[in-house]
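These protein sequence lines are chains G and V, in that order. Counted the way my numbering counts, the first sequence spans residues 29 to 430. Counted the way my numbering counts, the second sequence spans residues 29 to 430. C-beta: ideal position from N, C-alpha, C; glycine also. Values in this document were obtained by computation on a predicted structure and should not be read as measured data.
There are 2 protein chains.
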Amino acid sequence: MKKIIDYRTIVGDKVISDIYQKAGALRKKRIININSTYAGGGVAEILGSLVPLMNDVGVQADWRIIRGTPDLFNITKKFHNALQGDNINLSRIKKELYLQANESFSQYAYIDQDCVIVHDPQPLPLIQYYCKQQPWVWRCHIDLSRPNNELWDFLKNYILQYDKIILSSKDYVRADIPIDQVLFQPVIDPLTAKNKHLKDVDVHKYLKKFKIPTDKPLIVQISRFDKWKDPIGVIEVFKKVKKKIDCRLVYCGGMAGDDPEGIIIYEQVKKRANNAISSGDVLLITHENNILVNILQRVAAVILQKSLREGFGLTITEALWKGKPVIASNVGGIPLQIKDNETGLLADPKDYDYIADRIIEIIKNPEPYEKMGKVGREYVREHFLVTRLIEDYFDLAAKMVH
Amino acid sequence: MKKIIDYRTIVGDKVISDIYQKAGALRKKRIININSTYAGGGVAEILGSLVPLMNDVGVQADWRIIRGTPDLFNITKKFHNALQGDNINLSRIKKELYLQANESFSQYAYIDQDCVIVHDPQPLPLIQYYCKQQPWVWRCHIDLSRPNNELWDFLKNYILQYDKIILSSKDYVRADIPIDQVLFQPVIDPLTAKNKHLKDVDVHKYLKKFKIPTDKPLIVQISRFDKWKDPIGVIEVFKKVKKKIDCRLVYCGGMAGDDPEGIIIYEQVKKRANNAISSGDVLLITHENNILVNILQRVAAVILQKSLREGFGLTITEALWKGKPVIASNVGGIPLQIKDNETGLLADPKDYDYIADRIIEIIKNPEPYEKMGKVGREYVREHFLVTRLIEDYFDLAAKMVH
């Protein structure tokens, strides 16, 4: 069972007692979270930590997932991409299936909690199928700075029914939405299998188990096989690095249960890497395993995050928490974590030469970059751990729930 | 939205008004169902009908799924098989992962309903992680007539905490369980995409869309790729039939989200069918589509269900509802639906020659078997439609909930 007290040695006494104090103001209040998947992606991960910890301190937090068909997830994936700027053919049938899935979910999810938090677009229209008797909050984890206009206008029909919107960055605040928009920067949980401290002996045991070679420096990107993570670009950068210095690339990413595009992108990446895969210099790992991610981040020489869009980039937070040199794209929420030349390096994701050169530099002369990694770890401790998010939610709920 | 009144023309006025009367006794009562998947398999399907319809008549029914990792579903699949007689290596780690998944689910599922219905073994131990304040019912959809003893003894630790057990057949009643065991025979929903009436023009449209040839008589088995459905045996029987009469076999079955064995079995079947697949005489369909199942059952010359074990066999109920000739194994719950030579034909699943001969007979001389199909349809109308199950649950809840 997850317990707040276990975080004391990481975050200190004051944070722990603040959380208990804030929970006191919400005693016997019930908060329900609704998203689209129990596993895969940052939202499911953070709910898996947040919700049990809220319960541990006496706030009745709940977590439900909407029932979706593959059809629904195909559509909402297109919505996700279009919210980040892609074109979309917003047909009548797409809208209908999206609304029908939400309507039928409302027929077997009775909602009488004191506060409802809806995550991302999949369950967004749920609100109109209930007799609203409590505050509803839309927690959008997506970069909203340049959404497809037609889709945005359609989704506003539902967004406008909410009491509050939570976004991950001030850049996503929408002038065309008259509702209060607040910022909750995302967080990681330092005590999960993905982030917890590991003994050297365990690191070696798992490296053997997962057959990860460590004879050459490892460049690691942990990301789903998603075009916005630019896995093809990662391969191209690696090819440039590899010409000048011997190393390996590990691209490790699961396939989210609500993302039907993953397998297509994976095949494209495999084709592009081709010879480098057969020679063992590029390892593509689709096996989803949190301990493996933890290990890869700990043994990497450089952590890369070459995203083209990024709501926030929790894999960067994870890497910084491990005190590692990180080079990441200067997009979306990434600069909130990577202060260039302080906690890591920022780069234009299109500038393959610059990224390749910095990677080579880090491998050749790691010391100054490892120092940045240490600064990054403290920055994460202060700003991006799950304990902070619990306080954010409790503060917000205290204002809304009576 | 699903509505009870839409069933009036199928089940008649009395059934509809009985349901409303019984719902009246449960007004403002809340019933929660917990199982392991929203999609795939009979349990998810029936909950998808039952729960909305209960809500439609004013009983607050809820449906939640337990959060499982692939590890958990691997283990519970082994449990499922061992409950039906397989051996199992019941290691400490398996037990721990099973209990941990249930314990952590309890940390984000607050249960305060008036009655809790837990389906199958996956969420069975949940009961011990709650302060029990209402009746809990274990609804077991599995054939319990010869469970692995060691596993059964382990599961009894949790089963004994329940107030009531619901089983699908009197053959599954356990003398070693002192708790009240009641029988609810499974049902189908006549208004879903899988069972609803289809116009001929739509049948033809979909046959074209799904590329199903109808130039030869079709033998159809609708089942998951699961060893208990004996897909290999189906191929062997088809080979015998095919020697004497020209026909095709369609084996159509999705892969349930909580069943990791499906893909392995599929590969075995593919290998066994081999040439018959390349010649087009055997079609293996893994694409999960309810309309496709509906169509296949309607255009089949013979519906086969060659299961080795079968809790009940809802695909048979679906086939009978379409008034089709059915030949099925004389195992588990199948004889509850197939009265030999009245509503269809029963066979020993090991007697390939007998099954093959009967299939040939049906194809050559369909008329008497089509009459049996019509009798089967009326038998289903009377005994196995979702409206009956709603009454069963309401009757049970009225006794337990105060």
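Ends of the beta strand (DSSP E) at residue i?
i, result
"Q333(G)", "V330 to Q333"
"R337(G)", "Here R337(G) belongs to no beta strand (DSSP E), and DSSP marks it neither H nor E."
"I62(G)", "R58 to N63"
"A356(G)", "V354 to S357"
"Q209(V)", "Q209 to L211"
"A137(V)", "Where A137(V) is concerned, there is no enclosing beta strand (DSSP E), given that its DSSP letter is neither H nor E."
"L172(G)", "First-last for L172(G): undefined, no H or E at that position."
"L374(V)", "L373 to A375"
"L277(G)", "R276 to C280"
"I216(V)", "First-last for I216(V): undefined, no H or E at that position."
"I366(G)", "No beta strand (DSSP E) contains I366(G), which DSSP labels as neither H nor E."
"I145(V)", "C143 to H147"
Please determine whether the Cβ atom of residue i lies at a distance below 7 Å from any heavy atom of the ligand ZN.
i, result
"P80(V)", "This structure lacks the ligand ZN, and indeed carries no ligand of any kind."
Kindly indicate which residue of the options has the alpha-carbon position closest to the one of residue i.
i, options, result
"I139(G)", "R58(G), L413(G) and Q49(G)", "R58(G)"
"L417(V)", "A328(V), V210(V), D243(V) and I260(V)", "V210(V)"
"Q161(V)", "K50(V), Q189(V), D379(V) and E316(V)", "Q189(V)"
"E395(V)", "P353(V), N303(V) and R326(V)", "P353(V)"
"L324(G)", "I344(G), K122(G) and K106(G)", "I344(G)"
"I247(V)", "W91(V), I387(V) and M82(V)", "I387(V)"
"S335(G)", "S306(G), V201(G), L154(G) and D379(G)", "D379(G)"
"I207(V)", "N176(V), W91(V) and R167(V)", "R167(V)"
"D243(V)", "V327(V), F212(V) and R300(V)", "V327(V)"
"M400(V)", "T104(V), L348(V), R409(V) and V231(V)", "L348(V)"
"V39(G)", "V278(G), I216(G) and I62(G)", "I216(G)"
"K427(G)", "L54(G), T97(G), Y66(G) and I32(G)", "L54(G)"
"S132(V)", "L100(V), A110(V), K106(V) and M82(V)", "L100(V)"
"M29(V)", "D41(V), D84(V) and N63(V)", "D84(V)"
Residue i by DSSP, collapsed to three states: which one?
i, result
"R252(G)", "coil"
"R326(G)", "helix"
"Q161(V)", "coil"
"K271(V)", "helix"
"V87(V)", "coil"
"H315(G)", "coil"
"G261(V)", "helix"
"Y382(G)", "helix"
"L195(G)", "strand"
"V310(G)", "strand"
"L246(V)", "strand"
"I240(G)", "coil"
"I94(G)", "coil"
Which term fits residue i, buried or exposed, when burial requires 16 or more other beta carbons within 10 angstroms of its beta carbon?
i, result
"D148(V)", "buried"
"Y136(V)", "buried"
"H315(G)", "exposed"
"E289(V)", "buried"
"Y126(G)", "buried"
"C280(V)", "buried"
"P163(G)", "buried"
"K227(G)", "exposed"
"S307(V)", "exposed"
"P241(V)", "exposed"
"K270(G)", "buried"
"E178(G)", "exposed"
"K50(G)", "buried"
"A221(V)", "exposed"
"C143(V)", "buried"
"E370(G)", "exposed"
"D1(G)", "Residue 1(G) is absent from the structure shown; chain G starts at 29 and stops at 430."
Give me the chain V residues within the contact set of residue i, using Cβ-Cβ distance strictly less than 9 Å, ordered along the chain.
i, result
"V85(G)", "Under the 9 Å cutoff, chain V gives no residues; its nearest Cβ is about 12 Å from V85(G)."
Between which two residues does the alpha helix (DSSP H) containing residue i stretch?
i, result
"V297(G)", "G290 to A301"
"D99(G)", "P98 to L111"
"L81(V)", "G70 to D84"
"V414(G)", "V414 to M428"
"K236(V)", "D228 to K237"
"V403(V)", "E395 to H411"
"K50(G)", "D41 to G52"
"I344(G)", "L342 to W349"
Along chain G, in chain order, which residues have C-beta atoms closer than 7 Å to that of residue i?
i, result
"Y136(V)", "V79, P80, N83, A89, D90 and W91"
"Y66(V)", "R95"
List the residues of chain G whose Cβ lies closer than 8 Å to the Cβ of residue i, in chain order.
i, result
"M29(V)", "E131, S132 and Q135"
List, in order along the chain, the chain V residues whose C-beta lies closer than 8 Å to that of residue i?
i, result
"R432(G)", "No information on residue 432(G) is available, as it lies outside the stretch 29 to 430 that chain G covers here."
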